[in-house]
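Engineer: For the sequence shown, my numbering begins at 8 and goes up steadily by one. Backbone N, C-alpha and C fix where the C-beta goes; we use that ideal spot for every residue, glycine too.
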Amino acid sequence: MRDDTLYENDDVKEAVRRLPENLYNERIFRMKRALDLSLKHQILPKDLWTKYEEDVYYLEPYLKEVISERKEKEEWNKK
Numbered sequence: 008m009r010d011d012t013l014y015e016n017d018d019v020k021e022a023v024r025r026l027p028e029n030l031y032n033e034r035i036f037r038m039k040r041a042l043d044l045s046l047k048h049q050i051l052p053k054d055l056w057t058k059y060e061e062d063v064y065y066l067e068p069y070l071k072e073v074i075s076e077r078k079e080k081e082e083w084n085k086k
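#1: Starting from L66, trace the alpha helix (DSSP H) both ways and give me its first and last residue.
#2: What residue ranges within the stretch 8 to 74 form continuous beta strand (DSSP E) runs of no fewer than 3 residues, ordered along the chain?
#3: Are the CB atoms of D54 and R9 nearer to each other than 8 Å?
#4: So what does DSSP say about K78, is it helix, strand or coil?
#5: Short check: CB of D13 to CB of L51, under 8 Å?
This is the structure in structure tokens:
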């Protein structure tokens with residue numbers, strides 16, 4: 008999934024921390040599977056690939072919330 012490949016800056020790390028347990032566990036499973044396949048020099052079977060139109064940006068709402076809170080905090084610190 009696209010959100011699994013985001014560069015993990017502070018905002019992304021906080022958004023991942025806020026994920027519900029089931030979404031977090033699914034993310035970890037996908038990353039472990041990718042690491043396992045990489046170590047075995049194998050490719051995920053094509054029938055298991057996420058299709059572009061089926062990709063869900065599961066992290067986006069949490070990330071937007073974190074960024075919004077950070078910007079608001081920065082504004083308050085300017086005053």
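Structural biologist: Short version:
#1: Run containing L66: none; DSSP gives neither H nor E here.
#2: none
#3: no
#4: helix
#5: Reading off the sequence, residue 13 comes out as Leu, not Asp. Contact: no.
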